[in-house]
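**Student:** If you scroll down you'll find the structure; I have some questions about it.
Protein chains: 2
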Amino acid sequence: IKQFAVIGLGRFGSSVAQTLREMNHEVLVIDNSEENVNNAMADGLATNAICLDSTNIHALEHIGLSGFDGVVLAIGANMEDSILTALNLMELKARNLIAKASSLPHGKILERLNVPRVVYPERDMGERVAKSIAQTHILEGFELDPRCSIIEIQAPKTLVGRTLFELNLRARYGVYIIAIKHGDHDLAIVPSPDSKIFAHDKLVVIGETQQIRKLIEDH
Amino acid sequence: IKQFAVIGLGRFGSSVAQTLREMNHEVLVIDNSEENVNNAMADGLATNAICLDSTNIHALEHIGLSGFDGVVLAIGANMEDSILTALNLMELKARNLIAKASSLPHGKILERLNVPRVVYPERDMGERVAKSIAQTHILEGFELDPRCSIIEIQAPKTLVGRTLFELNLRARYGVYIIAIKHGDHDLAIVPSPDSKIFAHDKLVVIGETQQIRKLIEDH
Ligand SMILES: Nc1ncnc2c1ncn2[C@@H]1O[C@H](COP(=O)(O)OP(=O)(O)OP(=O)(O)O)[C@@H](O)[C@H]1O
Ligand SMILES: Nc1ncnc2c1ncn2[C@@H]1O[C@H](COP(=O)(O)OP(=O)(O)OP(=O)(O)O)[C@@H](O)[C@H]1O
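These protein sequences, in sequence, are chains A and B.
Be aware that the first sequence starts at 475, since it is given in my numbering, and climbs by one per residue.
Be aware that the second sequence starts at 475, since it is given in my numbering, and climbs by one per residue.
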């Protein structure tokens, strides 16, 4: 069980708080709107809540923020308040500070203040949404390095009915199928060579990203 | 090469457009601000740009939106304009429509209009940020199903210096190491049993999420 502080109860900050609570961590929320603070407690978004203006360092001093496992600065639209608050948090030695930035210049200023991590929610989600509409065959995954990935794909139709041994993907593409999902309840991890691929199965593939793409296109 | 339309050049919409352009797709951007449209073309965010009010169906009729591979509705703050635009897009039979919602009620209304996919950028990024600060050992990954995951972790210190064969993680935890990253340029996929784990290596593990967590805690 860890202890986190979230400053700013907009949509991003509220979501951070709620997710941390669902993971059973302690969450202190801070906002200068009485209503937001009360709603946060009522909605179970926090274990503690304080109504204060985070640009005022004296208001923050006695909370013991340097003892928290992490602090999330979630004031976006009000750049001045965000930057003043970041300054305060750095002076109070907040650990593992993550700050949301509402624009690139905003983020650069936060970085100049040595905020260890700056996030751009709208920009990052824009990238994720773009990739998902442009690559409809890719359901999930991440890059291992610039050349290789782990990707979950819908089983290409022409692979259906074949066994892994027959397909010999390792020799033909240098990729491995490390999991096969059949329906909602049937998951084979590191499937045996005699495993068969059925229609609508999902395959988790590891290997060179180019080669995985080629595998999909060839089929 | 696919063809997409993005309506609304806020941070989210601009990021969608830019990412699609970086993937070499054709992007038409639509916004009712002349300045945003001109900046988008100047910044290379789009292959085409039109300044129009998307709540006016006549303005949208002759663009041929139903022929695009996807349409992203990225008007957030102005809920009324977002909803009226969604109505128009559904009537014009736009395919693969994704709309950003600025709140849960906003999203529910879009769903009632049968918008196939609604996204909540601030809320989703809040979840991602919360998980990353609460689970500092997890670098990347995704769920295969409610019980199993593929997770990239920093190699636990007490595993360092051991080979996969010695560690016998499959027998002890039922998990498999499917990749080892050594530094920036050394990636072993489906490593052999005699592979050694070095300090600062990153391990990609597949198996029951609980068991992976146990592996990390035991070490
Ligand atoms: N000086 C301050 N001290 C404490 N709380 C503040 C201060 N300034 C703003 N806030 C709070 O921060 C919260 C988030 O601010 P705001 O809505 O401007 O950010 P946002 O980034 O646009 O939000 P979202 O996460 O919804 O995109 C608000 O609830 C606001 O009351
Ligand atoms: N009726 C309309 N027709 C065309 N464009 C519009 C219309 N209404 C708003 N827009 C454009 O949509 C864009 C995004 O709108 P807005 O900034 O309100 O959304 P947002 O979701 O808050 O943005 P962000 O993605 O930055 O969070 C703006 O550039 C605005 O000019």
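We put the beta carbon where it would ideally sit given N, CA and C, even for glycine.
Keep in mind the model is a prediction, meaning the values are calculated, not measured.
Does the segment 494-511 of chain B touch the segment 653-669 of chain A, meaning 3 or more C-beta pairs lie closer than 8 Å?
**Tutor:** no
**Student:** Rounding to the nearest angstrom, what Cα-Cα distance links B:K582 and B:P595 in this structure?
**Tutor:** Counting from 1 along the second sequence, the entry for residue 582 of chain B is found at position 108. Counting from 1 along the second sequence, the entry for residue 595 of chain B is found at position 121. A straight line joining the alpha-carbon of B:K582 with that of B:P595 spans about 15 Å.
**Student:** Report the CB separation of A:A516 from A:L539 in whole angstroms; it is logged as a contact under 8 Å.
**Tutor:** Here residue 516 of chain A is taken as the residue at index 42 of the first sequence, counted from 1. Here residue 539 of chain A is taken as the residue at index 65 of the first sequence, counted from 1. Wrong, their Cβ atoms sit about 24 Å apart, outside the cutoff.
**Student:** Can you confirm whether A:K655, when its beta carbon is compared against all beta carbons of chain B, has any partner nearer than 8 Å?
**Tutor:** Indexing the first sequence from 1 puts residue 655 of chain A at position 181. It does: the Cβ of A:K655 has a partner Cβ on chain B nearer than 8 Å.
**Student:** Please list, following the chain, all residues that have a C-beta closer than 5 Å to any non-hydrogen atom of ligand 1.
**Tutor:** A:G482, A:L483, A:G484, A:R485, A:F486, A:D505, A:N506, A:S507, A:N510, A:D527, A:S528, A:T529, A:I549, A:G550, A:A551, A:N552, A:D555, B:E596
**Student:** Just to confirm, does B:K476 get its C-beta within under 7 Å of one of the non-hydrogen atoms of ligand 2?
**Tutor:** Mapped onto the second sequence, residue 476 of chain B falls at position 2. Not so, every heavy atom of ligand 2 lies at least 7 Å from the Cβ.
**Student:** Measuring alpha carbon to alpha carbon, tell me which of A:G550, A:D675, A:G482 ends up nearest A:H580.
**Tutor:** Taking the first sequence and counting its residues from 1, one reaches residue 580 of chain A at position 106. Checked all of A:G550, A:D675, A:G482; the closest Cα to A:H580 is A:G550.
**Student:** What's the C-alpha gap between A:G706 and B:I625?
**Tutor:** Nothing in the structure corresponds to residue 706 of chain A, since chain A is present only between 475 and 693.
**Student:** Inspect the beta-carbon positions of A:H693 and A:F672 and report whether they are closer than 8 Å.
**Tutor:** Translated into the one-based positions of the first sequence, residue 693 of chain A becomes position 219. Translated into the one-based positions of the first sequence, residue 672 of chain A becomes position 198. Their beta carbons are not under 8 Å apart, which means A:H693 does not touch A:F672 by this criterion.
**Student:** Work out the CA separation of B:A645 and B:S489 for me, nearest whole Å.
**Tutor:** Along the second sequence, read from residue 1 onward, the residue named residue 489 of chain B stands at position 15. Along the second sequence, read from residue 1 onward, the residue named residue 645 of chain B stands at position 171. B:S489 and B:A645 have their C-alpha atoms spaced approximately 45 Å apart.
**Student:** Pick out whichever of A:L638, A:N506, A:D619, A:L571 has its Cα sitting closest to the Cα of A:V546.
**Tutor:** Position 72 of the first sequence, counted from the first residue, corresponds to residue 546 of chain A. It is A:L571 whose Cα lies nearest to the Cα of A:V546.
**Student:** Can you give me the C-alpha to C-alpha distance between A:Y650 and B:I651, rounded to a whole angstrom?
**Tutor:** Position 176 of the first sequence, counted from the start, is the residue given in the question as residue 650 of chain A. Position 177 of the second sequence, counted from the start, is the residue given in the question as residue 651 of chain B. Approximately 13 Å, taken between the alpha carbons.
**Student:** Please list the partners that B:H499 has in chain A, where partner means a Cβ-to-Cβ separation under 7 Å.
**Tutor:** Residue 499 of chain B sits at position 25 when you count from the first residue of the second sequence. In chain order: A608.
**Student:** Interface residues of chain E around A:R597 at Cβ under 7 Å?
**Tutor:** Note that chain E does not occur in the displayed structure, where the protein chains are A and B.
**Student:** In the DSSP assignment, what residue or residues form a beta bridge with A:S606?
**Tutor:** Residue mapping note: residue 606 of chain A aligns to position 132 of the first sequence, counting from 1. For A:S606, which the question treats as bridged, DSSP gives no partner whatsoever.
**Student:** Provide the residue span of the beta strand (DSSP E) that contains A:I627, from first to last.
**Tutor:** Start at 1 with the first residue of the first sequence, and residue 627 of chain A comes out as number 153. Residues 622-628.
**Student:** Please go through the same chain and pick out, in chain order, the residues whose beta-carbon is closer than 6 Å to the beta-carbon of B:A629, but skip the five residues on each side of it.
**Tutor:** Within the second sequence, the letter at position 155 stands for residue 629 of chain B. Excluding positions up to five away in sequence, the list reads I671, D675, L677.
**Student:** Flag A:R488 as yes when its Cβ comes closer than 7 Å to any non-hydrogen atom of ligand 2, and as no otherwise.
**Tutor:** Counting from 1 along the first sequence, the entry for residue 488 of chain A is found at position 14. The sequence given here places Ser at residue 488 of chain A; Arg does not occur at that position. A:S488: no, Cβ never under 7 Å from ligand 2.
**Student:** What does the Cβ neighbour count give for A:T529, buried or exposed, with the cut at 16 atoms within 10 Å?
**Tutor:** Residue numbering aside, residue 529 of chain A sits at position 55 when the first sequence is read from its first letter. Classification of A:T529: buried, given that the 10 Å Cβ count is 16 or more.
**Student:** Using a Cβ cut-off of 8 Å (strictly closer), state whether B:E681 contacts chain A.
**Tutor:** Along the second sequence, read from residue 1 onward, the residue named residue 681 of chain B stands at position 207. The question names Glu, but residue 681 of chain B is Gly in the sequence shown. Chain A, which has a Cβ nearer than 8 Å to the Cβ of B:G681, makes this yes.
**Student:** Taking the straight line between their C-alpha atoms, what separation do you get for B:S576 and B:M553?
**Tutor:** Taking the second sequence and counting its residues from 1, one reaches residue 576 of chain B at position 102. Taking the second sequence and counting its residues from 1, one reaches residue 553 of chain B at position 79. Taking the straight line joining both Cα atoms gives about 7 Å.
**Student:** What does DSSP give as the partner residue(s) for A:K670 in the beta ladder?
**Tutor:** Residue numbering aside, residue 670 of chain A sits at position 196 when the first sequence is read from its first letter. BP columns for A:K670 point to A:T637.
**Student:** Flag this pair as yes or no: are the beta carbons of A:Q492 and A:L519 separated by less than 8 Å?
**Tutor:** What you label residue 492 of chain A is simply residue 18 of the first sequence in a count that begins at 1. What you label residue 519 of chain A is simply residue 45 of the first sequence in a count that begins at 1. Contact flag set, yes.
**Student:** What are the residues that DSSP puts in a beta bridge with A:A523?
**Tutor:** What you label residue 523 of chain A is simply residue 49 of the first sequence in a count that begins at 1. In the DSSP output, where bridge partners are listed per residue, A:A523 has A:V503.
**Student:** Applying a beta-carbon distance threshold of less than 9 Å, which residues of chain B neighbour A:G544?
**Tutor:** By one-based count along the first sequence, residue 544 of chain A stands at place 70. Those are I607, A608, T610, listed as they occur along chain B.
**Student:** Who are the neighbours of A:L618 on chain B, taking C-beta pairs under 8 Å?
**Tutor:** Taking the first residue of the first sequence as 1, we reach residue 618 of chain A at position 144. Within 8 Å Cβ-Cβ: E626, A653, K655, L661, I663, V678.
**Student:** Determine whether the Cβ of B:Y647 lies closer than 8 Å to any Cβ atom of chain A.
**Tutor:** Taking the first residue of the second sequence as position 1, residue 647 of chain B is located at position 173. By this cut-off, B:Y647 is not an interface position.
**Student:** Taking beta-carbon pairs under 7 Å, can you tell me which members of the segment 545-573 of chain A lie near chain B?
**Tutor:** V546, N570, I572
**Student:** At a cut-off of 7 Å, is A:K676 close to ligand 2 when judged by its beta-carbon and the heavy atoms of the ligand?
**Tutor:** For the purposes of this step, residue 676 of chain A is taken as residue 202 along the first sequence, with counting starting at 1. Checking every heavy atom of ligand 2 against the Cβ of A:K676, none is found closer than 7 Å.
**Student:** Where in the segment 562-616 of chain A do unbroken runs of the alpha helix (DSSP H), each at least 4 residues long, occur, reported from the N-terminal end onward?
**Tutor:** 578-586, 595-608
**Student:** In this structure, does DSSP put A:H656 in helix, strand or coil?
**Tutor:** Within the first sequence, residue 656 of chain A is the residue found at index 182, counting from 1. If DSSP states are grouped into helix, strand and coil, A:H656 belongs with the strands.
**Student:** My output table needs one value for B:I531: the three-state DSSP class, helix, strand or coil.
**Tutor:** Locating residue 531 of chain B in the second sequence gives position 57, counting from the first residue. Helix at B:I531.
**Student:** Could you name the residues of the same chain whose beta carbon sits closer than 6 Å to that of A:L643, not counting the 5 residues immediately before and after it, in chain order?
**Tutor:** Position 169 of the first sequence, counted from the start, is the residue given in the question as residue 643 of chain A. Answer for A:L643: V649, listed in chain order.
**Student:** Thinking C-alpha only, which one of B:I607, B:K605, B:D598, B:V603 is nearest A:V603?
**Tutor:** Here residue 603 of chain A is taken as the residue at index 129 of the first sequence, counted from 1. Out of B:I607, B:K605, B:D598, B:V603, B:D598 has the C-alpha closest to the C-alpha of A:V603.
**Student:** Below 8 Å between beta carbons: does that hold for A:I690 and A:S669?
**Tutor:** For the purposes of this step, residue 690 of chain A is identified with residue 216 of the first sequence, where counting begins at 1. For the purposes of this step, residue 669 of chain A is identified with residue 195 of the first sequence, where counting begins at 1. No, these two residues do not count as a Cβ contact at 8 Å.
**Student:** What is the residue span of the alpha helix (DSSP H) that B:F486 lies within?
**Tutor:** Looking up residue 486 of chain B in the second sequence gives position 12. Taken as a continuous stretch (DSSP letters only), the alpha helix (DSSP H) holding B:F486 covers 485-496.
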